[in-house]
Amino acid sequence: MTIRRRALVAGTVALPFLRIPARAAGTPGQLVFGLSSYPPNFNPWVQAGTAAGTVTLQVHRGLMSYGPDGQLRGELAEKWERDGDAGWVFTLRDASFHNGAKVTSADVKYSIEQVSAPKSTAYMRAQFQGVDRVETPDPRTVRIVMKQPTETLPLWLAAFEMPVVAAGSADTGKTPIGCGPFTITKQERGVSIDLAANPNFYKPGLPKLKTLRFVVYADETARVAALQTGDVDLIEYVPWQSMAGIEADPKLRLQNTEGPFMYLTFNGATGPFKDPKVRLAVAHAIKRDEIVKSVFYGRGAVLAGAPLVEASPFHDKTLSDGWAYDPARAKALLAEAGLGGGFNCTLLATAQYSMHKDTAEIVQQNLAAIGIQVELALPDWATRVSLGNRGQYQFAVNGTTADSNDPDGLSALIDSTLGPSAARSFDLGDGSIAKALAAGRAEFDPTKRAAIYTDLQKLVLAQTPIVSLAWRAQGYAMAAAVKGFTNMPGALTFFSGTTLEETTLGG
Amino acid sequence: MTRLPFLSVAALALLGLIALAAPLLPLPNPVTMDVAHRLAGPGAGHILGQDEFGRDELARLIWGARTSLAVALIATLIACAIGTALGLVGGLLRGIAELLAVRSMDVVLCFPPLLLAVLVVTLAGPGTVTLIAVLSVLFLPGFVRVAYAGVLTTRQLDYVEALRVLGANPLRVMLRTVLPNIAGPLLVQASLAAAAAVVLEAGLSFLGLGVVPPTPSWGLMVRAARATMAQSPLLLLWPCLVLVATIFILNTLCDGLQSWLDPHGATRSLWRRRAPALPAAAGLTTGAALLIEGLTLELDTPAGKVRPVRDVSLSVVAGETLALVGESGSGKSLTGLAVLGLLPPVVRPVGGSVWLAGDELLRLPDRAMRRKRGGALSMVFQDPASSLNPVHRIGDQIGEAIRAHAGRRKVVDLLTEVGIPDPARRARAYPHQLSGGMRQRAMIAMAIANNPRVLIADEPTTALDVTVQAQVVDLLAGLQRQHGMGLIFITHNLPLVAEIAGRVAVMYAGEIVEQGRTDALFSNPLHPYTRALLRSTVSEDGRAAPEGIPGSVPAPGTLPPGCVFAPRCTLRLDACETAHPALREVMPGRLSRCIRWQDAA
Amino acid sequence: MIWAAKRIGTSLLLVWLVITLVFLAIHFVPGDPAELLLSQGGAAPDPDQVAQLHEQLGLDRPLLEQYAGNLRGLVHGDLGQSMQDQAPVVDSIADRLPRTLELIAAAAVVALGVGIPLGTAAATRPGGWLDRIGTAVAALLLSLPVFVLGTLLVLVFAQTLHWLPAGGYISLTTNPVRHFQLLAMPALTIAAGLAAVVYRITRGAVADVRQRDYVRTARAKGVAPARIMRRHVLRNALIPVATVIGLQLGGLLGGTVLVEYVFNYPGLSGLLIDAVSARDYPMVEGIVLVISVLFVGLNLLLDLLYGVLDPRVRQA
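Chains as they are written, first to last, in this note's numbering: chain A, 2 to 508; chain B, 24 to 624; chain C, 1010 to 1325.
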């Protein structure tokens, strides 16, 4: 009897210790960031997902970058200007790598050559193979001469997949040395990454945080819960259903931007979607507001034209509704194509990501209303990517972001002459889109460029290399005490890690 | 209970009916979206509200039942059919087939089920067909085991062997024997599999590996509702409730089937409770070591209360052996168990008293009774194989008896006393390592460990070989003389009695019909039953042939009026059948319950 | 001795069969790891680069050569390198396996600690209130999908009551208090179903053993009820219980994926599912190998344990 009572008393005494300590127990000067997945590797030039990108941005920086307002700015480059037809000259600022060595033009040359090497697996290899030569007249000056006039070179240099590393540090078996505001001090694979501020960072007074800790929360509900309980200070990929709750919470703040979007891709070689009229019919048959409302809980916007962000100077308002919901027109188009009685087809998406699956369900329902019977194929992501890359589908749902807010950032997505990929259609159109994109890349005059891109948007509406569906809000949520973090606009939302250099926690 | 689990069968049938009838019910279309009203609560036209696409929740629940139940049922049937076939083939064909059948199941079991599901679904693409295939494979091993085990047990049956020798087709024979045997366990396995299938489908659909939308399924509904949990907790509640309820029904069905097939029936509390409503016992002084006075036991049956032991009175003094003789069903074992308070809980004493020295045992609280058991009063049971704990050494078990009463005896000495050679080594043996006779000797050692005043031996030799029987009887007789115990020797074997018992009591159908000194009773029985018993055994000189007694012992619930033995009695008179005769002392030291006792010899 | 050798031999054969089947399965499943690595973020992979990566990762060799290479590596204890980050597979497994084992162990402790006493008590009073409530609760717990229970626990204990953190992991050496706080809910979620199973099996076994003859003998010896329960009833009833529990624990080795996902607990199951999603062949094969070896080893151990528990088996 006594033993049992003692155990009971001991149990109740232990209960208060179960309460988790209040936020004050966090380390001062440290921000805890809830990541949605663990970076598969830390190769700075490979596209390894946005989580990897966010971490990379802390450790590595390139010649150019984007500011919190989304404007292009110099990072390692103090000044940049055109040099002749196809050349650009960059003047480097006074900066050093984490190993103390100064950043020189030789390092820039090395980095570009590594990326553009024939055997390189870098994300921007194709772009930098357009470089004819890199000249290093002096340690602080770099001249990059392109094979063709390339207006978009500074944009490419601002991509987080194109940082500058210390010469020789990316050779096989070595860890690339960067010059970013933080250094990695500890990693627990799959769980967390700890970083410490770089005391010699070239921007005085930055970074404001002493340490940065990334913790992985793969489950979105767990991620939000961690923010709400104070386990983390900042999370990415806020699930849309939680946004209202976070906004209503006075202790939390939400920053949203619309950059990523959902769209359909098509098999232009065989099948019912070879005919552009059929694709156009699909474009007009979809109730995009339903997608915004149900898949994204209203956190998004209808996207019924080419996916250029509204804030972009090249966005043409008159063309933004080109694919508006018009079921009568859709049926008429089908009749013109000789498929007035409807037809059966299969829509490829994935069960692994709810937003893809849910979007597919709505598309299926909407198309049924105009007589197209859609069956869903929902394999896992790896299979879906594989099928997409091999063109083994009729039409498919996808979601992505452009490379940048510049229209050229859409190249990989709308140029269907580039061959099948999970990200784009293939074998459709007449090559005019590819030509327009190439022209825009080489045009330096802003007015002429605008005209090219207006034409481009018209071409997209007519040829439907993709059918845009909806913008989705990309959210970062944080504790109210977090200041200085900015969710960068539009497609640059995944570059927001840059602003961690000026983020503070409290005070 | 031996009843079919009607309630769960009915519930399952109802659920299945609703699911089947889904297309006929007046429900909104489960796939029609109404995004403008998504997540709406219960209201007009939508009794349970609308889901994240505005589809009707109730319709989706009912159609979801179709999917989940169909998947579970089909998967279970396939697994059952193929699994049973595999198990049967393996068991019947032996050799390579057997190896393959059993080992392939081991491979399936080597795979974590969820991983197997992931791999299969990724290979074949998600969908209902793939889902059923995965579930079928996962449940195969269970059915294979049942069928295989069934064949194994049947293989050894003698008559199957005999039929084989006679040239009958062995396969046909086995199938006809095995299938009815395993039907029960297969049913149980099927209900287990069905329940697991429903749970697994929910889990797989949650991961996106199950049914493909827009087909409704409970698993998919839970997945979707989880995302909107904060806004619409009810949406999560409905599919969970239905899931839980369905699995609950299947589980209950499984349990019900298991107990329906279980021949043991339900067990109730074995721990003794205070004997209810026994009248106060009159104090009695007596020189007897044990005195049983008018003991009556009662038990409830579906047909009503019956009394398997009625008004039994016996006594035994120190140093005396009383034999209690009767056929099976006469109530002799129950009498012995009643004395020790070890009656099965369904049987209660409702009258009489049992005196051990100055204590009345039937009304003694359990704690006090425990002090008597194994101490002043002990019992030896019929089957030493099942009466000894197979996982403890016999030395420990005997030691346990000693320690329970703070005895001083040593185990080795006790083993020697009961005639077990090499006692030190035997003490470390396990029961299965000893022969039947040795085991019984060990039991006897346990019983006499604390020098009991009274020892009740319930058919101690029945389970032993004939040669060993005599040894054990001699042992008991010797021990009794040495310790001066009162011994009650219960048996159905009359010749045995002649050797060791001083007095005999004969029981028939719950009553004592005759009692008296052994030699007198044997030479001059005073009850027709006793005479018939004597005649039915081989006589010592082997000259007279045994005669059976026509008829059979009446069940306690169907006792004839008047004398219980009358229907089988050759001396029957009308008077025997009208009045129930009392047990009277008809001669000095001789009791008989027959009115024609003079003619009985 | 010979028996043991035979069993080990069969076990090794089983494990080999399993890894071969998995090797075949994963190589024939659509989806290419190199392509996936280069398709991150919706990028369109350059076929040239894919070929490069194939070469780097050794995927361009013929299948048989890859298989032989794997086996050779295995014999030397080398499980290869993950295709995603080139880190040795053994390292990732060595990180994750103890966490999953700890989770299972914690769940087992709770399940046994609750299930065995309650099952025993229910069996001693069949039809009583504990029996009825216990059976109902057990059936309820067995019918609750694990991911639902987990989510509800997070809702109640983390978001509403703020008693426990929502999820994640911190190592024992870094912060022991938090470590156990983070272990609590995932372990409880698994323990719930496990306890229900333990309860039912124990109840059945104890009810069965209690009516055996040797229990009656023990009573006839005047042994105290507590001792009878311990040495006679439980000692025999726990044999079938141990077998069932062993099998359940083995199954948990690969099946904790849903719990790990909901609670963000970085264990082995999650690693495996991620590896399959990424078609990281060496990682998948490595984990399946470890799981099969553990599972088969556990079965072997159970057989040996049976021999310890039941002396009749030792003879056979």
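By construction, the Cβ of each residue, glycine as well, lies at the ideal position given by its N, Cα and C atoms. Computed from a predicted model, the values in this text were never measured in an experiment.
Note that the C-beta distance between Val216(A) and Val33(A) is below 8 Å. C-alpha of Leu1139(C) to C-alpha of Ala1148(C): approximately 14 Å in a straight line.
Residue burial annotation: Thr151(A) is buried, with at least 16 other C-beta atoms found within 10 angstroms of its C-beta. Counting every other CB atom within 10 Å of its CB across the protein chains shown gives Thr222(A) a total of 16 or more, marking it as buried. CA-to-CA, the gap between Trp261(B) and Leu84(B) works out to about 8 Å.
Using a Cβ-Cβ distance cut-off of 8 Å, the stretch 44 to 60 of chain A and the stretch 245 to 257 of chain A are not in contact, since fewer than three pairs of beta carbons, one from each stretch, lie closer than that value. Residue pairing for Gly301(A): DSSP places it in a beta bridge opposite Arg473(A). Between Ala602(B) and the set Phe588(B), Pro65(B), Ala578(B), Leu243(B), the nearest pair of CA atoms involves Phe588(B).
Distance from the CA of Ala227(A) to the CA of Leu38(B), rounded to the nearest whole angstrom, comes to 41 Å. Lys80(A) and Pro138(A) have their C-alpha atoms some 15 Å from each other. In the same chain as Gly148(B), and ignoring 5 residues on each side of it, no C-beta atom comes closer than 8 Å to its own. Apart from sequence neighbours up to five positions away, the residues of its chain that approach Ile467(B) with a beta-carbon distance below 6 Å are Val403, Val441, ordered along the chain. Leu366(B) carries a coil assignment under DSSP once its states are collapsed to helix, strand and coil. In the three-state scheme derived from DSSP, where H, G and I count as helix and E and B as strand, Val398(A) is classed as strand. Residue range 256 to 284 is occupied by the alpha helix (DSSP H) that includes Leu258(B). Secondary structure of Tyr531(B) (DSSP, three-state): strand. With fewer than 16 other Cβ atoms inside 10 Å of its own Cβ, Val1118(C) counts as exposed. Excluding residues up to 5 positions away in sequence, Met1194, Pro1195, Thr1198, Leu1267, Val1268, Val1271, Phe1272 lie with their Cβ nearer than 8 Å to the Cβ of Gly1159(C) in the same chain. Here Arg385(A) is buried. Its C-beta has 16 or more other C-beta atoms within 10 Å. About 6 Å separates the beta carbons of Val94(B) and Ile155(B), which is inside the 8 Å limit, making them a contact pair. At a cut-off of 8 Å between C-beta atoms, Asp1069(C) does not count as an interface residue with respect to chain A. Among the residues facing chain C, Thr505(A) is not included, as its CB has no counterpart in that chain under 8 Å away. The alpha-carbon of Arg371(B) is positioned some 10 Å away from that of Gly364(B). Bounds of the beta strand (DSSP E) holding Val477(B) are 477 to 481.
Across the stretch 390 to 419 of chain B, CB contacts with chain C closer than 8 Å involve Arg393, Arg394, Lys395, Arg396, Gly397, Gly398, Ser401, Met402, Phe404, Asp406, Ser409, Ser410, Leu411, Asn412, Pro413, Val414, His415, in sequence order along the chain. For Lys120(A), the neighbours in chain C by C-beta distance under 7 Å run, in chain order, Gln1061.
Residues Ile417, Gln420, Pro454, Arg462, Ala465, Met466 of the same chain have their beta carbon placed closer than 8 Å to that of Leu411(B), with the five preceding and five following residues left out of the count. Cys346(A) and Gln395(A) have their C-alpha atoms spaced approximately 7 Å apart. Arg554(B) and Val520(B) have their C-alpha atoms spaced approximately 15 Å apart.
Residue burial annotation: Gln72(A) is exposed, with fewer than 16 other C-beta atoms found within 10 angstroms of its C-beta.
Taking C-beta atoms as the reference points, Ser228(B) and Leu243(B) count as a pair closer than 8 Å. Counting only residues of its own chain and dropping the five nearest sequence neighbours on each side, Val491(B) has a CB closer than 6 Å to the CB of Gly460.
Between the alpha carbons of Ala1014(C) and Leu1021(C) lies a distance of about 11 Å. About 10 Å separates the beta carbons of Thr251(B) and Leu257(B), which is beyond the 8 Å limit, so they are not a contact pair.
Residue Ile453(A) holds the alpha-carbon nearest to the alpha-carbon of Ile434(A) among Glu444(A), Ile453(A), Ala423(A), Asp446(A).
By the C-beta density criterion, Asn192(B) is exposed, having fewer than 16 other C-beta atoms within 10 angstroms.
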